[in-house]
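Below is one structure, written out as structure tokens; comments come after it.
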Amino acid sequence: AQKITQTQPGMFVQEKEAVTLDCTYDTSDPSYGLFWYKQPSSGEMIFLIYQGSYDQQNATEGRYSLNFQKARKSANLVISASQLGDSAMYFCAMREGNGQNFVFGPGTRLSVLP
Amino acid sequence: NAGVTQTPKFQVLKTGQSMTLQCAQDMNHEYMSWYRQDPGMGLRLIHYSVGAGITDQGEVPNGYNVSRSTTEDFPLRLLSAAPSQTSVYFCASSDRARGMAEQFFGPGTRLTVL
């Protein structure tokens with residue numbers, strides 16, 4: 051069964067607008083971490099933001115925030131004030147409990163339009 | 149710090165050839181892993197290691213071997229290359245001692261098997 055689902059293969063957003071990239075996850079472990087990575091066309095994987103399962107508040111990092119809805123098992127990435135440089139693939143990932151392994155979703159390709 | 153380095157950046161092999169993808173990190177991270185990235189499938193875990201002398205299989209280990217003789221290095225060996233192993237390979241590391249720490253990725257190796 052898919053542990054990480056990203057239902058939006060591609061998204062478009064106008065420059066300076068906000069966009070939400072969806073991520074749902076599946077785990078029975080009460081302790082887990084959720085991560086978002088950005089992969090620009092150059093290919094490197096860039097860590098954006100982290101949310102722990104016990105964190106009471108949604109994580110924020112600059113223009114990135116994570117809309118964490120634990121009961122719905124969703125961890126959507128919100129990018130505010132989109133910039134042309136935000137055009138990239140975005141991957142949601144999960145790490146469970148004391149495990150060290152990450153499970154990645156299939157990714158969402160975001161295109162920011164001028 | 150150089151972070152996570154991978155060599156080579158590009159490689160073309162013929163079916164049946166063997167080769168080793170090199171990965172090194174200078175952050176003293178205990179955990180290292182290898183992923184392959186194929187279009188539309190995100191990143192899939194090949195092998196991982198939680199410390200020197202300890203390795204284990206991930207989701208797609210067939211056709212690959214690893215060893216971890218030092219903390220710094222985690223080479224991936226292709227035993228007899230097949231066209232199905234054409235992919236982009238990423239090495240990653242994380243600090244086990246920090247619990248739910250993010251993974252740091254190398255720049256990737258683009259492998260083509262003819």
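Read top to bottom, the protein sequences are chains A and B.
Take the first sequence: its letter number 54 is residue 104 in the working numbering, and every next letter is one higher.
Take the second sequence: its letter number 84 is residue 232 in the working numbering, and every next letter is one higher.
C-beta: ideal position from N, C-alpha, C; glycine also.
Rounded to whole angstroms, what's the CA-CA distance from I202 (chain B) to E111 (chain A)? Just pull it up for me.
35 Å
Tell me which residue opens and which closes the beta strand (DSSP E) that C171 (chain B) is part of.
M167 to Q173
From which residue to which residue does the beta strand (DSSP E) around V261 (chain B) run?
T257 to V261
Can you find the residues in the same chain that come closer than 8 Å, C-beta to C-beta, to C73 (chain A), ignoring five residues on each side of it along the sequence?
I54, T55, Q56, L84, W86, S124, A125, N126, L127, C142 and G155
Would you give the residue range spanned by the beta strand (DSSP E) that D204 (chain B) belongs to?
I202 to Q205
Do G93 (chain A) and P187 (chain B) have their beta-carbon atoms positioned less than 8 Å apart in this structure?
no
DSSP state of R113 (chain A) mapped onto helix, strand, coil
coil
Can you list, in chain order, the residues of its chain with a C-beta nearer than 8 Å to that of S161 (chain A)? Leave out the 5 residues immediately preceding and following it.
G60, M61, F62, V63 and S137
So the candidates are B:A229, B:G190 and B:T153; which of them puts its Cα closest to the Cα of T260 (chain B)?
B:A229
Which of the residues in the segment 116-149 of chain A, read from start to end, lie with their CB under 7 Å from any CB of chain B?
F141 and R145
Here's the rule I'm using: 16 or more other beta-carbon atoms within 10 Å means buried, otherwise exposed. How should Y237 (chain B) be labelled?
buried
Spatially closest choice to Q170 (chain B) from B:L191, B:L262, B:N176 and B:Q159, by CA coordinates:
B:Q159
Determine the chain B residues that contact Y114 (chain A) at a beta-carbon separation under 9 Å, and present them in chain order.
Result: empty, since nearest Cβ-Cβ is about 13 Å, beyond 9 Å.
Tell me T70 (chain A)'s beta-bridge partners as DSSP assigns them.
A:V128
State yes or no: is the C-beta of C142 (chain A) nearer than 7 Å to some heavy atom of the ligand COA?
Although the ligand COA was asked about, the structure shown includes no ligands whatsoever.
Beta-carbon spacing of N117 (chain A), G206 (chain B) below 8 Å
no
What does the alpha-carbon distance come out to for the pair M167 (chain B) and T155 (chain B)?
11 Å
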